[in-house]
Each structure stands twice: as C-alpha cells, then as structure tokens.
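**Q**
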Amino acid sequence: MTLTATRFDWVRQLVHRESAIVLAPGKEYLVEARLLPVARKMGLTDVDQLVDQVRTRPRPDDTRQIVEALTTNETSWFRDGDPFTALTSTVLPALQSARGPAERLQIWSAACSSGQEPYTIAMLLEDAMPHAATRVSITATDLSREMVERTRAGRFTQLEVNRGLPAPMLVRHFQRAGSEWEVSPTLRRMVGARECNLAAPLPRMGPFDVVYLRNVLIYFDLPTKQAILRRVRELMRPDGWLFLGAAETTLGVDDSWSRVVVGRTSVYRPLKGA
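Encoded structure:
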C-alpha cells in the first residue's frame, strides 16, 4: 500500500518538528519502508494504521519511535579514513602541546549512531598516548535512544566488525562475547553515551577540544545548520577542532569558522572573537 500524500505530509512535519530533519517529496517509499516494522511491532497491519493511530491518540513513545525510525544510522569503523589520520598526525600533537599534562582532553562524537566512531577515536588515542583512559573523555551522543544504548553496550556483530575494523585492532581492543565482539573495559571507560537532539538546545557538555559532527548537517535546512554550528561552537574550546563530513562545509553557512587543510581532509576552527 502506498502512503497517501496527506499521511506523508503529517510524518514529514512531525519529523521536522521533532528533529529538524527534512524529508523531501519523493521519500514516501523510504518512510513506508522504515515505519512498517514500527507498525507491526505495535500490532498494526500497515503504516497507514500507524499514522492514523498516532495522529488521533499521540503518545510520546510512539512519536519517538517514528522519529528514530526515520533517522539515518549508517556508520562503519574508520569511516572515510582521513579525519582519523588527521586526528593522530596533527590535531592530537597540537593539543598535547597546548594543554598541560594534567588537562583532560574532551572529544565529542555527535550523531554517533551505534558507536563505531567514538570507539574508533578511543582505539586511536589508546594506541597513540600513554594512560589515555585517564587523560581522554569521549562523549558520544545520538538522537536515537536505541543507538545510545547500543553505544553504551559496546557490543558488535561479526558483520559490523567486518566493516572497516582492522584485524590487529580487533584483537587488541575487543574480546569475544558469545557470537559478538565487546569493546575492552579501557575503551568503555573512555566513552560515555547520552541522548542529544542537535536541533534543540544542547545539554551542558564540554568544553570540547575536538568535535566530530560528520555526515549530519546534510539532513538539515540552512537555518538549522546555522543554529547547530553556533551551538556546537559555544561548547568548544577557543582553539578547538571541528570535523565535518566530506560533503559538508561551514563556508556559506557560518562565517565564524576558519578552514584548515590537514592532509587530504579539512578541519574547521572557531575564529577568534566570533
């Protein structure tokens, strides 16, 4: 059954209101495919019944399930590679030079999905600096409660570890947990996960030395991108470093950042006085 235009428009407005994610016309098939499992979980036959029920008898948990089902949770280990090379080759040495030996580095992995990005960062820093577990704090956030819980659990299937995780790192930083792989206690101590809606006022966090906000801004309209970048900048140290996705930039969006080329990627830094 094809989702009617009226029901699709209601879903589109709901998702935009709750998360600022833009669902353009033509995404009806995606909406129906993502929401059908939600409908069946609730004992309903199809997405039309789901939309009609939530419209007439809205409950916060039902609304949350719809919004979370329509967020994108694509991720992998060392995704795109270059931003992680830049972290260890340039960003980390610069921060170690600028910070005192007792200062704790704070890193934010925003929209972390199921946790591959923050644990990738944790592995790199554990290998690159002594006593990283006591010198680095990584905050992993996501809109989805399910993704936050998965990040906290730190457990991954064989299929998931096969997506970009080098075998030596798997052996060094993971242990078997039945048919899955579980991150080491050291990595778990470095990573804390919490829910966070980037399109809403942000919780009190940081101040962060490094922020990974990758492959997120592409889902928002221009005013929302501007608001998110402003909120992120307010949570960063004045000499902090911001990583965006390869298809994302602050240029033409927010002039309060300077772009720095590091190897084969770009990193953004807050302009002084902005």
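Mapping to my numbering: the sequence shown position 161 is 172, numbers consecutive.
Think of the CB as a built atom: it goes at the ideal place given N, C-alpha and C, for glycine as much as any other residue.
Can you have a look at Asp250 and say buried or exposed, based on whether 16 or more other CB atoms are within 10 angstroms of its CB?
**A** exposed
**Q** Given Leu81, which residues of its chain have a CB within under 6 Å of its CB, disregarding the five upstream and five downstream residues?
**A** Val26 and Arg45
**Q** Drop a sphere of 10 angstroms on the beta-carbon of Gly217, count the other beta-carbons inside from all chains shown, and report buried for 16 or more, exposed for fewer.
**A** buried
**Q** Just confirm the distance between the C-beta atoms of Gly175 and Arg90, as a whole number of angstroms; I'd bet it's less than 8 Å.
**A** 7 Å
**Q** One question on the structure: do Lys236 and Leu228 come within less than 7 Å of each other, judged by their Cβ atoms?
**A** Leu228 is positioned such that its CB atom lies closer than 7 Å to that of Lys236.
**Q** In whole angstroms, what is the alpha-carbon distance linking Ser148 and Gly189?
**A** 28 Å
**Q** Is Asp265 helix, strand or coil when you go by DSSP?
**A** coil
**Q** So who's on the other strand from Val58, going by DSSP bridges?
**A** For Val58, which the question treats as bridged, DSSP gives no partner whatsoever.
**Q** Is DSSP giving Arg90 helix, strand or coil here?
**A** coil
**Q** Check for me: the beta strand (DSSP E) holding Glu277 runs from which residue to which?
**A** The amino acid occupying residue 277 in the given sequence is Ser; Glu does not appear at that position. Unbroken beta strand (DSSP E) run through Ser277: Thr276 to Pro281.
**Q** Inspect the beta-carbon positions of Phe219 and Trp119 and report whether they are closer than 7 Å.
**A** yes
**Q** Between the alpha carbons of Leu103 and Asn173, how many angstroms are there, rounded?
**A** 27 Å
**Q** What is the rounded straight-line gap between the Cα of Ala97 and the Cα of Val221?
**A** Distance between the alpha carbons of Ala97 and Val221: 12 Å.
**Q** Which partner residues does Asp153 have in the DSSP bridge list?
**A** Glu206
**Q** Give the DSSP-derived three-state secondary structure of Arg166 in the structure shown.
**A** strand
**Q** If you compare alpha carbons, which of Arg242, Asn226 and Thr101 is closest to Ala258?
**A** Asn226
**Q** Got a sec? Which residues, its chain only, sit under 8 Å from Arg242 by beta carbon, not counting five neighbours each side?
**A** Excluding sequence positions up to five before and after Arg242, its CB lies within less than 8 Å of the CB of Leu209, Pro212 and Leu213, all in the same chain and listed in chain order.
**Q** How close, in whole Å, do the beta carbons of Tyr130 and Val194 come, if the pair is a contact with beta carbons under 8 Å?
**A** 6 Å
**Q** Taking the straight line between their C-alpha atoms, what separation do you get for Ser100 and Ala139?
**A** 10 Å
**Q** Look at the Cβ atom of Cys123, then the Cβ atom of Ala151, and state whether they are nearer than 7 Å.
**A** Yes.
**Q** Going by C-alpha distance, which of Thr162, Arg18 and Arg200 is nearest Thr67?
**A** Arg18
**Q** In whole angstroms, give me the CA-to-CA distance for Leu255 and Phe95.
**A** Cα atoms of Leu255 and Phe95: separation of roughly 12 Å, rounded to the nearest angstrom.
**Q** Can you check the segment 60-130 for any alpha helix (DSSP H) of at least 4 residues that lies completely inside it and give the ranges in chain order?
**A** 71-80, 93-97 and 103-109
**Q** Output the distance between the C-alpha atoms of Phe185 and Glu157, rounded to the nearest integer angstrom.
**A** 22 Å
**Q** In the DSSP assignment, find the unbroken alpha helix (DSSP H) run with Arg241 in it and report its ends.
**A** DSSP places Arg241 in the uninterrupted alpha helix (DSSP H) bounded by Leu233 to Glu245.
**Q** What is the DSSP secondary structure of Glu191, counted as helix, strand or coil?
**A** strand
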